[in-house]
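Quick note on the numbering used here: the sequence shown kicks off at 7 and runs consecutively. Cβ coordinates follow ideal geometry from the N, Cα and C atoms, glycine included. The block underneath contains the structure these notes are about, expressed in structure tokens.
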Amino acid sequence: MTAALSAHELIARHRSTLDQALEAIRTRAYWSPHPEHPKAYGENGSLDAAAGKAAFDALLGSRLDLGQPGTDDWVGGETSPYGVDLGVTYPHADLDVLLPAMKAGQRAWRDAGAEQRAVVCLEILKRISDRTHEFAHAVMHTSGQAFMMAFQAGGPHAQDRGLEAVAYAYVEQVRTPDNAEWAKPQGKRDPLAMNKQFTPVPRGIALMIGCNTFPTWNGYPGLFASLATGNAVLVKPHPRAVLPLALTVQVAREVLAEAGFDPNLVALAAERPGEGIAKTLALRPEIRIIDYTGSTEFGDWLEANARQAQVYTEKAGVNTVVVHSTSDYKGMLANLAFSLSLYSGQMCTTPQNLLVPREGISTDQGPKSYDEVVADLAQSVDGLLGDDARANALLGAIVNPDVKARLEAAAGLGEVALASREITNPDFPGAVVRTPVIVKLDGAKPDDEAAYMSECFGPVSFAVAVDSAEDAAELLRRTVREKGAMTVGAYTTDPDVEQAVQEVCLEEAAQLSLNLTGGVYVNQTAAFSDFHGSGGNPAASAALCDGAFVANRFRVVEVRRDA
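Written out as structure tokens, the structure reads:
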């Protein structure tokens with residue numbers, strides 16, 4: 007295959023970016039090559055807002071032909087949470103044709119080496135970045151995120167996570183040298199001398215199972231970690247969120263072909279309505295790596311049944327915030343209100359349980375009773391979302407009917423401190439937009455435990471009254487150990503309480519945020535610096551992103567010869 011993009015050209019173009027990424031994951035300092043502001047796009051080949059919207063509109067009602075082998079049908083059926091019928095159709099694959107074709111390109115991709123694979127991945131990410139406005143609309147109309155969130159989380163933040171995975175993959179592959187000269191002294195005799203060659207060898211075909219809510223942000227780490235370590239990647243999107251990942255596959259195939267590699271190293275597996283091909287794919291012997299974000303039930307099934315594959319899961323958890331005391335009561339309430347409201351709570355990192363001592367908390371505004379804390383938080387959420395335009399920009403749309411049903415059922419679980427209300431989106435009358443509900447529960451009542459010890463994904467939070475800070479720490483420990491947590495938050499001015507909560511999180515492997523009162527929120531993480539999940543509690547079997555996330559996607563094979 008003739009390369010239009012030489013390895014030398016790609017290294018010259020992207021090596022400095024790779025080096026900066028390597029430095030960022032070493033220092034954990036802030037860095038990103040992908041602009042967050044929409045106005046930063048429109049030069050050097052990137053699409054501005056108008057061009058990006060036009061490119062998205064041109065996709066509606068179209069057939070997205072990826073040129074994949076084994077296409078036996080065309081499938082689609084996505085309807086935006088904003089009420090727009092996308093009408094895009096995608097290739098449906100005959101797996102017995104597609105999977106062998108994907109495997110055929112792996113030898114050349116393996117032999118290219120870690121650096122060349124890394125810069126090819128960076129070229130893919132650069133071209134995706136240039137189309138960020140187009141991708142933002144695709145993410146918005148499949149996930150229900152409001153546009154600005156879809157732009158940032160689905161665009162630059164997702165691209166950062168992909169680049170982060172490439173950097174970690176590169177580090178782990180070059181940890182062992184390509185060649186080594188080995189000599190063992192033998193006294194008066196000649197030394198034993200050998201030449202040793204070490205090659206990172208991919209496991210096989212990786213299956214990336216996409217999610218509905220964050221198709222790119224949650225999808226890119228696994229996709230690029232597998233690709234950068236030499237594996238072919240089959241992308242199986244969520245049936246409601248195919249378009250962003252189909253566009254990703256399209257870009258990846260174009261870059262691979264231009265760089266002289268087999269484009270079938272990356273392919274799409276779209277499915278017919280109700281076909282449910284994830285289980286079928288997960289058990290195929292060709293599939294050696296699986297990345298999955300979604301329900302605990304299916305994640306557990308993958309871990310138990312896909313025994314031929316290395317499985318990385320991000321599942322459900324019960325995220326908890328301990329509210330003990332604060333030196334900035336107003337800032338705490340504003341921070342929590344935003345965290346509960348962002349994207350209608352449809353984030354795996356959104357707090358669900360707020361543990362508040364029943365005798366109240368100490369604050370810079372004096373003592374506040376449990377009832378006052380809950381009422382003030384409800385008022386803060388109400389104030390944040392009181393203007394419908396701002397509410398639409400923060401909440402987005404409810405992603406599916408299951409979330410709406412859980413929201414409506416939550417009001418019957420206890421005393422409602424903040425009722426959910428319906429909001430109309432003037433631009434998209436078909437959107438289902440709801441404000442969060444806050445329900446008061448008692449941690450000492452067994453009847454309430456079933457509610458707060460189960461994940462209620464969506465804009466639902468429980469204010470759980472507990473007997474003391476010690477009681478809160480123990481309930482936190484039990485919650486993380488039994489149900490898992492992607493995030494934990496705590497507010498306290500007491501060093502002993504802070505130490506107790508921190509010790510729980512260290513022992514149960516949960517990521518902790520302390521006393522957030524400004525513009526950083528418990529449900530947001532920064533690539534190159536923050537770890538998303540830990541891989542150490544039931545919520546996830548992997549962290550995004552660390553060495554463990556990439557190192558087992560390849561093995562090092564040694565060839566040795568007498569020197």
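Check                                                                                                                                                                                : Outcome
According to DSSP, which residues form a beta bridge with Gln-203?                                                                                                                   : Asn-185 and Val-565
Under 7 Å between the Cβ atoms of Met-146 and Tyr-349?                                                                                                                               : no
Restricting to runs no shorter than 3 residues, where is the beta strand (DSSP E) found entirely within the segment 58 to 91?                                                        : 77 to 82
Classify Ala-1 as helix, strand or coil using the three-state DSSP reduction.                                                                                                        : Residue 1 lies beyond the range of the chain shown here (7 to 569); nothing can be said about it.
Report buried or exposed for Asn-398, applying the criterion of at least 16 other Cβ atoms within 10 angstroms of its Cβ.                                                            : buried
Assuming Lys-446 and Glu-421 make a contact with CB atoms under 8 Å, what is their CB distance in whole Å?                                                                           : 4 Å
Val-443 and Ser-426: beta carbons closer than 7 Å?                                                                                                                                   : yes
Measuring CA to CA, which of Pro-191, Trp-188, Asp-91 and Glu-365 is closest to Ala-144?                                                                                             : Asp-91
Once DSSP output is grouped into helix, strand and coil, what is the label at Glu-292?                                                                                               : coil
Assign Ile-404 to one of three DSSP states: helix, strand, or coil.                                                                                                                  : coil
Need the endpoints of the beta strand (DSSP E) that His-98 sits in, please.                                                                                                          : 95 to 99
Would you call the segment 153 to 168 and the segment 132 to 141 touching, i.e. three or more CB-CB distances under 8 Å?                                                             : yes
Which residues in the same chain have their Cβ closer than 6 Å to the Cβ of Pro-544, if we skip the five residues on either side of it in sequence?                                  : Gly-490
Cα separation between Gln-530 and Leu-413?                                                                                                                                           : 22 Å
Thinking Ser-149 and Val-405 are a contact (beta carbons under 8 Å), I'd like their distance in whole angstroms, please.                                                             : 6 Å
Pick helix, strand or coil for Phe-468, following the three-state DSSP scheme.                                                                                                       : strand
Using three-state DSSP, classify Gln-192 as helix, strand or coil.                                                                                                                   : strand
Are three or more beta carbon pairs between the segment 464 to 482 and the segment 499 to 514 nearer than 8 Å?                                                                       : yes
On the DSSP bridge list, what partners appear for Tyr-318?                                                                                                                           : Asp-297
Suppose only complete runs of 4+ residues qualify. What are the alpha helix (DSSP H) ranges in the segment 300 to 385, listed by chain order?                                        : 302 to 311 and 335 to 347
Do Gly-67 and Gly-93 have their CB atoms nearer than 7 Å?                                                                                                                            : yes
Roughly how many angstroms lie between the CA atoms of Ala-263 and Thr-493, to the nearest whole one?                                                                                : 40 Å
Assuming contact is defined by CB atoms lying nearer than 7 Å, are Gly-210 and Arg-123 in contact in what I supplied?                                                                : no
For Ala-142, which three-state DSSP category applies?                                                                                                                                : helix
Please name the residue, chosen from Asp-568, Arg-566 and Gly-553, that lies closest to Gln-179 on a Cα-to-Cα basis.                                                                 : Gly-553
Measure the alpha-carbon distance for Pro-373 versus Gly-366 and round it to whole angstroms.                                                                                        : 7 Å
What is the DSSP secondary structure of Ser-22, reduced to helix, strand or coil?                                                                                                    : helix
For Val-445, which three-state DSSP category applies?                                                                                                                                : strand
Compare the C-alpha of Gln-74 against each of Gln-385, Tyr-96, Val-172 and Ala-57 and name the closest.                                                                              : Tyr-96
With distances taken Cα to Cα, identify the nearest neighbour of Ser-38 among Ser-535, Val-563, Gly-539 and Val-556.                                                                 : Ser-535
Have a look at Val-103 and Ile-31 and give me their C-alpha separation to the nearest angstrom.                                                                                      : 39 Å
Thinking just about the alpha-carbon of each residue, which of Asp-100, Gly-236, Pro-269 and Phe-304 is nearest to the one in Ala-276?                                               : Asp-100
Kindly list the residues whose CB is nearer than 6 Å to the CB of Ala-186, restricted to its own chain and excluding five residues on each side of it in sequence; keep chain order. : Lys-202
Compute the distance between the beta-carbons of Leu-339 and Ser-386, then report whether it is under 7 Å.                                                                           : yes
From which residue to which residue does the alpha helix (DSSP H) around Ala-232 run?                                                                                                : With the sequence shown as reference, residue 232 is identified as Ser, and Ala is not the correct amino acid for it. Where Ser-232 is concerned, the enclosing alpha helix (DSSP H) stretches over 226 to 234.
Assign Glu-6 to one of two classes, buried (16 or more other C-beta atoms within 10 Å of its C-beta) or exposed (fewer than that).                                                   : The chain is shown only over 7 to 569; residue 6 falls outside these bounds and no answer can be derived.
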